Amino acid sequence: MRISATFLDEISHDIPHQNWGPKEWEEDFKAMKAIGIDTVVCIRCGWKRWMTFPSKVLKREKQAFDPAMDLIGLFLRLSEDYGMKFFCGTYDSGNPWWHDDYPVEPEVKLMTAVNDELYERYGSSPAFGGWYLSQEISSQAGHGTDCYRQMAVHLKAISGNLPTMISPGIKGAKAYNERMEKLGKTIDPAEHESQWDTIMQRIRGLVDIVAFQDGHCEIELLPVFLKINKKLCDRYGIDCWTNTETFDRDMPIDFLPIKWEKLLLKLKAAEAAGITRAITFEFSHFLSPNSSYRSAGHLYNRYREYLEEHHLL
Amino acid sequence: MRISATFLDEISHDIPHQNWGPKEWEEDFKAMKAIGIDTVVCIRCGWKRWMTFPSKVLKREKQAFDPAMDLIGLFLRLSEDYGMKFFCGTYDSGNPWWHDDYPVEPEVKLMTAVNDELYERYGSSPAFGGWYLSQEISSQAGHGTDCYRQMAVHLKAISGNLPTMISPGIKGAKAYNERMEKLGKTIDPAEHESQWDTIMQRIRGLVDIVAFQDGHCEIELLPVFLKINKKLCDRYGIDCWTNTETFDRDMPIDFLPIKWEKLLLKLKAAEAAGITRAITFEFSHFLSPNSSYRSAGHLYNRYREYLEEHHLL
Amino acid sequence: MRISATFLDEISHDIPHQNWGPKEWEEDFKAMKAIGIDTVVCIRCGWKRWMTFPSKVLKREKQAFDPAMDLIGLFLRLSEDYGMKFFCGTYDSGNPWWHDDYPVEPEVKLMTAVNDELYERYGSSPAFGGWYLSQEISSQAGHGTDCYRQMAVHLKAISGNLPTMISPGIKGAKAYNERMEKLGKTIDPAEHESQWDTIMQRIRGLVDIVAFQDGHCEIELLPVFLKINKKLCDRYGIDCWTNTETFDRDMPIDFLPIKWEKLLLKLKAAEAAGITRAITFEFSHFLSPNSSYRSAGHLYNRYREYLEEHHLL
Numbered sequence: 457m458r459i460s461a462t463f464l465d466e467i468s469h470d471i472p473h474q475n476w477g478p479k480e481w482e483e484d485f486k487a488m489k490a491i492g493i494d495t496v497v498c499i500r501c502g503w504k505r506w507m508t509f510p511s512k513v514l515k516r517e518k519q520a521f522d523p524a525m526d527l528i529g530l531f532l533r534l535s536e537d538y539g540m541k542f543f544c545g546t547y548d549s550g551n552p553w554w555h556d557d558y559p560v561e562p563e564v565k566l567m568t569a570v571n572d573e574l575y576e577r578y579g580s581s582p583a584f585g586g587w588y589l590s591q592e593i594s595s596q597a598g599h600g601t602d603c604y605r606q607m608a609v610h611l612k613a614i615s616g617n618l619p620t621m622i623s624p625g626i627k628g629a630k631a632y633n634e635r636m637e638k639l640g641k642t643i644d645p646a647e648h649e650s651q652w653d654t655i656m657q658r659i660r661g662l663v664d665i666v667a668f669q670d671g672h673c674e675i676e677l678l679p680v681f682l683k684i685n686k687k688l689c690d691r692y693g694i695d696c697w698t699n700t701e702t703f704d705r706d707m708p709i710d711f712l713p714i715k716w717e718k719l720l721l722k723l724k725a726a727e728a729a730g731i732t733r734a735i736t737f738e739f740s741h742f743l744s745p746n747s748s749y750r751s752a753g754h755l756y757n758r759y760r761e762y763l764e765e766h767h768l769l
Numbered sequence: 457m458r459i460s461a462t463f464l465d466e467i468s469h470d471i472p473h474q475n476w477g478p479k480e481w482e483e484d485f486k487a488m489k490a491i492g493i494d495t496v497v498c499i500r501c502g503w504k505r506w507m508t509f510p511s512k513v514l515k516r517e518k519q520a521f522d523p524a525m526d527l528i529g530l531f532l533r534l535s536e537d538y539g540m541k542f543f544c545g546t547y548d549s550g551n552p553w554w555h556d557d558y559p560v561e562p563e564v565k566l567m568t569a570v571n572d573e574l575y576e577r578y579g580s581s582p583a584f585g586g587w588y589l590s591q592e593i594s595s596q597a598g599h600g601t602d603c604y605r606q607m608a609v610h611l612k613a614i615s616g617n618l619p620t621m622i623s624p625g626i627k628g629a630k631a632y633n634e635r636m637e638k639l640g641k642t643i644d645p646a647e648h649e650s651q652w653d654t655i656m657q658r659i660r661g662l663v664d665i666v667a668f669q670d671g672h673c674e675i676e677l678l679p680v681f682l683k684i685n686k687k688l689c690d691r692y693g694i695d696c697w698t699n700t701e702t703f704d705r706d707m708p709i710d711f712l713p714i715k716w717e718k719l720l721l722k723l724k725a726a727e728a729a730g731i732t733r734a735i736t737f738e739f740s741h742f743l744s745p746n747s748s749y750r751s752a753g754h755l756y757n758r759y760r761e762y763l764e765e766h767h768l769l
Numbered sequence: 457m458r459i460s461a462t463f464l465d466e467i468s469h470d471i472p473h474q475n476w477g478p479k480e481w482e483e484d485f486k487a488m489k490a491i492g493i494d495t496v497v498c499i500r501c502g503w504k505r506w507m508t509f510p511s512k513v514l515k516r517e518k519q520a521f522d523p524a525m526d527l528i529g530l531f532l533r534l535s536e537d538y539g540m541k542f543f544c545g546t547y548d549s550g551n552p553w554w555h556d557d558y559p560v561e562p563e564v565k566l567m568t569a570v571n572d573e574l575y576e577r578y579g580s581s582p583a584f585g586g587w588y589l590s591q592e593i594s595s596q597a598g599h600g601t602d603c604y605r606q607m608a609v610h611l612k613a614i615s616g617n618l619p620t621m622i623s624p625g626i627k628g629a630k631a632y633n634e635r636m637e638k639l640g641k642t643i644d645p646a647e648h649e650s651q652w653d654t655i656m657q658r659i660r661g662l663v664d665i666v667a668f669q670d671g672h673c674e675i676e677l678l679p680v681f682l683k684i685n686k687k688l689c690d691r692y693g694i695d696c697w698t699n700t701e702t703f704d705r706d707m708p709i710d711f712l713p714i715k716w717e718k719l720l721l722k723l724k725a726a727e728a729a730g731i732t733r734a735i736t737f738e739f740s741h742f743l744s745p746n747s748s749y750r751s752a753g754h755l756y757n758r759y760r761e762y763l764e765e766h767h768l769l
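Protein chains in written order, with this note's numbering: chain A, 457 to 769; chain B, 457 to 769; chain C, 457 to 769.
So, in structure tokens, the structure goes:
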């Protein structure tokens, strides 16, 4: 079991920025390649007034800030050079679109316009390989799935049916509520299964890959949830990946590199559940020798030794 | 628009210490010089029982701890060697002097005695170029301005009218209250203008430079506040600088290096408001290749590239 | 006064892991040796389901996770190679054994079984030099001391009377309660003395070394507490060490390297109280040139310069 994909955390809104330029990003693509990563997923192409590319739509509709760099262009060029597939995340306005009393239509309309512009601008790149629906849900069956359906239909239509991915959370003890407090209690697995059975019925054929985040529930409960996720995905013909988080949610400070032993446990649990592909959130801060956090470089070395030992490299 | 001054965060009380000795400080002055910094401002010469120099007054009055190093002496020597001006911050007892029911007289008396001692000891250095009133206020017109007036009169008298600087906050959503909770809501710009009009009337002729901190309000509102600040300063004949913070206030952890794009936006907003000088809080942790935070080194590189590209270096 | 011992923070539960392998650990033992550290204390051999060695007992009783590495074996080998004594910390289930309504017997029974297994496995190493009772207390005289008594009797019996150590906290303003809130107020020194007089009466002859943590109370009060601790230890024939914490408890983020000046003050206060040995929590994150925190490397340099200057190296 190895990690074959990573998110790229732009536009970041909760992880401190590393201030990399093209040279530093290229170094990082090299380091990804060296451990077998073949897919990179930009988590969102824009957030509130921040953009990863100079979007005329966002400039007009959101008075968005001129970006210091065309990150989408850079990521595509590096993906081409290093033989990777690039998935592009959709725009996130920061509005509470998942509230059932919040009008989701204007949100979808804006996202759609941004996607059109984006695909027109970058769709000809041979590395452009799919879409990531950046709207994260954990168990809502209402607006969240409406949004996924409408977006996926559109994205597939404009891009010749490119694959679509989502990465939902599990309603686990270590997930946050909207006031940024940890839930403290993990959802009953049967309840999780029932809610996701409903959601997957509604998104099958539209969402191709579901990669649940693996850090929200207690590690002891993870195997149970992974098996449910795999079973549900199989039932609805969806690819089941694991989003194996490389940051730690058990520390006074979230968002520092995870302990190698814990990452290994999570990968093994996914393997035991029959899952064959892992994406991580995310390489550049938490698993990279180039990270601002030195312990991420050590994690890279431990992971690489493990791959070598098991002839996975 | 470039950053031509930086605070030196001694005595720090909320940013983790970097444990530098004279050699590491010299490296950092070199790195400052290389991007055009010509003024350094020690944020406070003492805090509670901690001192930047072996003050007999603080030893006697506060049972202050013997410092491990004479930082003021070191900073002055490095300022001389690297052709910089040094501003010295006043002593901060940690007492709530800004409360209108707290007696401000003993505070001013102690600060005055420390300043006398300090200027006697270091005033002959050709680099000694001004004073920083370390008492930060955001909108109080009572004790805060009383304190500024009394201190400034005294400091100017003992030092041959050296310039004085303050760096107030804006009562913005990201400012903290005394219980270290973020305010969440930004003051109405008209209310800010009215309060600061009153304050500036009282400090004109005594305070020469006002450098508002630029990180407390939402970045969308910053241009409005910068224009008000500039207008008020012009009205009262005060130099208007911006204190462009190089740490990020939008993350789960405050006090990590800011994203380059955000810093650039803030600098441009200051320029658009007609402001010509920027100081930062602060170079050594957040914008330095020598910082404990590796992303600060990358920020330095991005900023330097920007200066080169615009022939500002 | 110098630091002659350090904890090894495995299994860590609140400090981000550094992901070191055998090579990195060896580098760190070298760096310890170079500043005169002769004793290393593994803070706990297991925590909840995590283990430092492949314990059959914990595997069976706790469904513990297979460790990625045999850390106890590694630490003993390095201790032998670098001429250090190794103290082994007892298992911590994470249960609230110190509550007087929580049954302590099963806890002691499990710890005892783990200790038996551990000593059988590693006791023949010439570096195995003592035990650390990992159950931390600050002032409880009930279950806490019961637990210490029972454990110490057993540990001494199986290991030919090897020395035992505890490292309690002071109920200081910066200590946490069980909800991870800082207490805010420091216990009255007389009350501390009275409580610890009772505790020491009960553990004398069983616990050989008491190393109070020195970071919980205000630094101004530390000399008072250190003197009380030394007096009590002397009264009951216990070795009094100081556990001089190398992380800072005064910052928005606890657990980053301390300021050198503060560490020096604490060491001098211990010396003035007649204490001759200091252990630190802990070298590898907060005082090491190999730490993920660059400021720890600078702290190492400052400390080393101090040792050289005072001919302590």
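The beta-carbon is built from N, C-alpha and C at its ideal position, and this holds for glycine as well.
Here the structure is a predicted model, which means the values were calculated and not measured.
9 Å Cβ cutoff met for residue i and residue j
i	j	result
Ser539/C	Ala520/C	A quick correction: the sequence has Gly, not Ser, at residue 539/C. Not closer than 9 Å, so no.
Leu574/A	Thr620/A	no
Arg399/A	Thr568/A	Since the first residue of chain A shown is 457 and the last is 769, residue 399/A is not available in this structure.
Gly628/C	Tyr578/C	no
Arg458/C	Ile491/C	yes
Trp697/A	Ala461/A	yes
Arg750/C	Gln657/B	no
Asp470/B	Pro708/C	yes
Alpha-carbon spacing of residue i relative to residue j, whole angstroms
i	j	result
Arg733/B	Leu768/B	13 Å
Lys504/B	Asp664/C	38 Å
Pro582/A	Asn685/B	51 Å
Phe711/A	Tyr692/B	47 Å
Leu677/C	Val513/B	22 Å
Thr601/B	Val609/B	12 Å
Ala729/B	Lys722/B	11 Å
Val496/A	Asp653/B	53 Å
Thr702/C	Thr736/C	6 Å
Leu618/C	His555/C	28 Å
Chain-ordered chain F contacts of residue i [CB-CB under 8 Å]
i	result
Met707/B	Among the chains of the structure shown, chain F does not appear; the protein chains present are A, B and C.
N-terminal and C-terminal residue of the beta strand (DSSP E) that residue i is part of
i	result
Arg733/A	Arg733 to Thr736
Leu464/A	Ile459 to Leu464
Trp716/C	Counting along the chain, Trp716/C falls outside any beta strand (DSSP E), though it belongs to the alpha helix (DSSP H) covering Trp716 to Ala728.
Phe542/B	Lys541 to Gly545
Thr620/A	Thr620 to Ile622
Asp695/C	Asp695 to Asn699
Own chain residues within Cβ distance below 7 Å of residue i, not counting five before or after
i	result
Met607/C	Thr546, Val564, Met567 and Leu589
Pro510/C	Asp522, Pro523 and Asp526
Ala752/A	Pro713, His741, Phe742, Leu743 and Ser744
Run of the alpha helix (DSSP H) containing residue i, from where it starts to where it stops
i	result
Lys686/B	Leu678 to Arg691
Lys630/A	Here Lys630/A belongs to no alpha helix (DSSP H), and DSSP marks it neither H nor E.
Same chain, Cβ closer than 6 Å to residue i, neighbours up to 5 away in sequence not counted
i	result
Tyr759/A	none
Lys518/A	Arg505
Lys683/C	Ala729
Beta-carbon contacts of residue i that lie in its chain and below 8 Å, excluding the five residues immediately before and after
i	result
Leu532/B	Phe542, Tyr578, Ser581, Ala583 and Phe584
Arg705/C	Lys630, Gly671 and His672
List in chain order: all unbroken beta strand (DSSP E) runs of 3+ residues lying wholly within the region 581 to 613 of chain C. Unbroken beta strand (DSSP E) runs of no fewer than 3 residues, entirely contained in the region 581 to 613 of chain C, are found at 584 to 588, following chain order.
Could I get the ranges of all uninterrupted alpha helix (DSSP H) runs contained in the region 483 to 539 of chain C, with 4 residues as the minimum, in chain order? Counting only runs of 4 or more, we get 512 to 518 and 527 to 537.
In chain order, what are the residue ranges of uninterrupted beta strand (DSSP E) at least 3 long that sit wholly in the region 632 to 670 of chain C? Counting only runs of 3+ residues, the beta strand (DSSP E) found wholly inside the region 632 to 670 of chain C occupies 665 to 669, in chain order.
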